[in-house]
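Data block below; observations after.
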Amino acid sequence: MFELLGDWKRTDYCGSLGIKDLGREVILMGWVHSKRDHGGLIFVDLRDREGVVQIVFNPQVSKESHTKADLLKDEWVIAVKGTVVRRPDETINPNIKTGEIEVIARELRILNRSKVLPFPVEDEIKVDELIRMKYRFLDLRRPVMRKNLMLRHEVMRATRSYLDSKGFIEIETPYLTRSTPEGARDFLVPSRLNPGEFYALPQSPQLLKQTLMISGFDRYYQIVRCFRDEDLRADRQPEFTQIDLEMSFVTEDDVIEVVEGMIKAILKATKGVDIDIPFPRMSYDEAMLRYGTDKPDIRFGLELHDITEVFRNSEFKVFSDPVKKGGIVKAINLKGKAQHLSRKELDELTEFAKSLGAKGLAWIRVSGDEWQSPITKFLSEHEKKELKRLLTIEDGDVIFFGADTSYTVNLVLSNLRLRLGNRFNMIEQNRFAFLWIVDFPLLEFDKTENRYVTMHHPFTSPKEEDIELLDTEPEKVRARAYDIVLNGVEIGGGSIRIHRSDIQRKLFERIGLGEEDAKKKFGFLLEALEFGAPPHGGIALGLDRLTMLLAGASSIRDVIAFPKTQKGFCPLTEAPSPVDPKQLLELRIRVDVKER
Ligand code: ASP
């Protein structure tokens, strides 16, 4: 029953045929997407990577192909020779690209058959993601997944062509490397030739790209895989791809300008969208104040208001106690929604706040002149007046409060803001709202480690005018760092680097990394910095997240061909897996775990 391709050469993709091809003789190859038998005529939707086209098997055109077409089942692989014709008016399908035409088959070759699929090749399917991942080769046949991977390709292509046009050179850095701690755990690879020693898979090419600047390459980029052995919270992958770049003799503005141009080119190439540049910039302090997060979604308002001062000496202990301990009080005014929030929903929001670490969620529902709330009776007239003024409270508003450490208040209210924004459809869809966050603190105090740690990585330069504060008020030192945020998702970050070895040493010291340790970990960088290191800086953008947002996908797994589960497992290849004892012997590794 099966036939060979023989001398047939495909002339077209199914999905790219159209009116322009009327009358042409074509040879198509692909998968039987569906088959219908209509009073003697057999219709097959034939699918390839570009889409679907309707093939008509008519016994009067070819008895033999019609008889063979009768055997076809979904997902069989066939080749068809035929003529492109206009569909009868009543059968035109405006919903598909090829809906105005069909192909009258004259010859059919059946190339392979298929078992019945565990799920249909359709966009909307109700199937567990694990099954989709186990049968990824089928999952990737679904139009939505195919489009996502093609979009990813377009993003990479636009990136390369833009950066090439700006004089960047793509240089590969090794995957078998020395560990460059960026805060996460390394994946280790044992070295057979050096028993007992390990390579690390790179968390990022940070040190090597800086080294390339010292070598004089001036403008480097790489679309590069990075590896971080973290517990996979939410939407993370143990390996992910970055658009990584580094430039010499530049300031923040130069890096930002390149990235804006690149993103503009990517959006134009992939979505046909002309995005306005430059993107707005906001300081870290302002973002934290107004949105409670350093990655605000600026597509809607619902901002946070700091009302700490109103309650500093309040009788209402729930608010004044946290302030006395150095905390803050903030509020959100959800305008005009009092009628739309039931008591039940307010209780749900309270539970939500508690799940994020709040002790509760104080609220006020405003109805006419009345403030309906369990807390109103504790507020003084002056406090009420101040609230009214600062939050422009009117009839119909709902006010939410957070009073705790600034960390908890910001965490709770920023998430509440997003939840309310979604709940009341306040977030403008189909908009790409980019934002730079700048003026980050260089250091933050880590209570568990009882020392300062860097907010980005330890190669980030402090602002020149703040260097003196390193010794006196370290938390006041601002970094020459910038993050880029799209619709509330951080899609990248970078900085101007330290290019002087004395300052680099000083910073290591400041974060409690002794000279010996620093030398052990970053010796080669410290040494290279002594040999004429130019001022330099760069950035890395998460290709997976960027593509996810452009695709409108809800998970990065949907824009990665072969992703892993939350447990770092690949259901398709079943990696990781135990290995042959011989392999371990060669590596001189003894595994000490109980049976899995
Ligand atoms: N290496 C940094 C990262 O992976 C980005 C950078 O500073 O360029 O987050």
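In this note's numbering, the protein residues as written are 545 to 1140.
Where a beta carbon is used, it is the ideal one built from N, C-alpha and C, also for glycine.
Delimiting residues of the beta strand (DSSP E) encompassing residue i
{"i": "D850", "result": "848-850"}
{"i": "P687", "result": "Counting along the chain, P687 falls outside any beta strand (DSSP E), though it belongs to the alpha helix (DSSP H) covering 687-709."}
{"i": "K874", "result": "872-878"}
{"i": "I1047", "result": "Looking at the DSSP string, I1047 is not in any beta strand (DSSP E); the run it does join, the alpha helix (DSSP H), is 1045-1054."}
{"i": "L585", "result": "585-592"}
{"i": "P1078", "result": "Taken as a continuous stretch (DSSP letters only), P1078 belongs to no beta strand (DSSP E), as it is neither H nor E."}
{"i": "K625", "result": "621-630"}
{"i": "P1125", "result": "Run containing P1125: none in the beta strand (DSSP E); it sits in the alpha helix (DSSP H), 1125-1131."}
{"i": "E569", "result": "569-582"}
{"i": "M832", "result": "No beta strand (DSSP E) contains M832, which is instead part of the alpha helix (DSSP H) from 828-835."}
{"i": "V660", "result": "From DSSP, V660 is part of no beta strand (DSSP E); its letter is neither H nor E."}
{"i": "I1042", "result": "Segment: none, I1042 is in no beta strand (DSSP E) and carries neither H nor E."}
Residue i - DSSP class collapsed to helix/strand/coil
{"i": "L811", "result": "helix"}
{"i": "H610", "result": "helix"}
{"i": "G643", "result": "coil"}
{"i": "A1025", "result": "strand"}
{"i": "P1226", "result": "Outside the modelled stretch of the chain, which goes from 545 to 1140, sits residue 1226, for which no answer is possible."}
{"i": "S858", "result": "coil"}
{"i": "I636", "result": "coil"}
{"i": "D775", "result": "coil"}
{"i": "P1018", "result": "helix"}
{"i": "V665", "result": "coil"}
{"i": "T785", "result": "strand"}
{"i": "P734", "result": "strand"}
{"i": "G805", "result": "helix"}
{"i": "R680", "result": "helix"}
{"i": "V817", "result": "coil"}
{"i": "F863", "result": "helix"}
{"i": "G1067", "result": "helix"}
{"i": "I648", "result": "strand"}
{"i": "E1034", "result": "strand"}
{"i": "R729", "result": "coil"}
{"i": "R825", "result": "strand"}
{"i": "A1119", "result": "strand"}
Residue interval of the alpha helix (DSSP H) (run including residue i)
{"i": "E892", "result": "887-899"}
{"i": "L745", "result": "No alpha helix (DSSP H) holds L745; DSSP gives it neither H nor E."}
{"i": "I758", "result": "750-759"}
{"i": "L1087", "result": "1087-1095"}
{"i": "G562", "result": "Where G562 is concerned, there is no enclosing alpha helix (DSSP H), given that its DSSP letter is neither H nor E."}
Same chain, Cβ closer than 6 Å to residue i, five either side skipped, listed in chain order
{"i": "G901", "result": "T952"}
{"i": "K753", "result": "Y764, E790"}
{"i": "P824", "result": "L979"}
Other residues of its chain near residue i: CB distance less than 8 Å, five sequence neighbours each side excluded
{"i": "L751", "result": "T724, F1003, F1066, F1068, L1069"}
{"i": "H849", "result": "K874, A875, I876, N877, L934, L935"}
{"i": "C558", "result": "L572, G574, L590, R591, D592, E594, G595, V596, V597, T642"}
{"i": "D1088", "result": "Q781, F784, T785, I1100, V1103, I1104"}
{"i": "V671", "result": "P662, F663"}
{"i": "K553", "result": "I571"}
Opposing strand residues paired with residue i [DSSP bridges]
{"i": "G595", "result": "D592"}
{"i": "C770", "result": "F784"}
{"i": "Y765", "result": "E714, L789"}
{"i": "W907", "result": "F944"}
{"i": "A902", "result": "Answer is none; A902 lacks a bridge partner."}
{"i": "Q916", "result": "R909"}
{"i": "A1062", "result": "Answer is none; A1062 lacks a bridge partner."}
{"i": "G740", "result": "According to DSSP, G740 bridges with nothing at all."}
{"i": "S723", "result": "For S723, which the question treats as bridged, DSSP gives no partner whatsoever."}
{"i": "I654", "result": "I622"}
{"i": "V600", "result": "F587, I648"}
7 Å Cβ shell around residue i - same chain, five flanking residues per side excluded
{"i": "R680", "result": "F1106, L1116"}
{"i": "K808", "result": "I819, I821"}
- [ ] Please specify which runs of the alpha helix (DSSP H), each continuous and at least 4 residues long, are wholly inside the region 922-998, giving them in chain order.
- [x] DSSP runs (the alpha helix (DSSP H)) wholly in the region 922-998: 925-934, 950-967.
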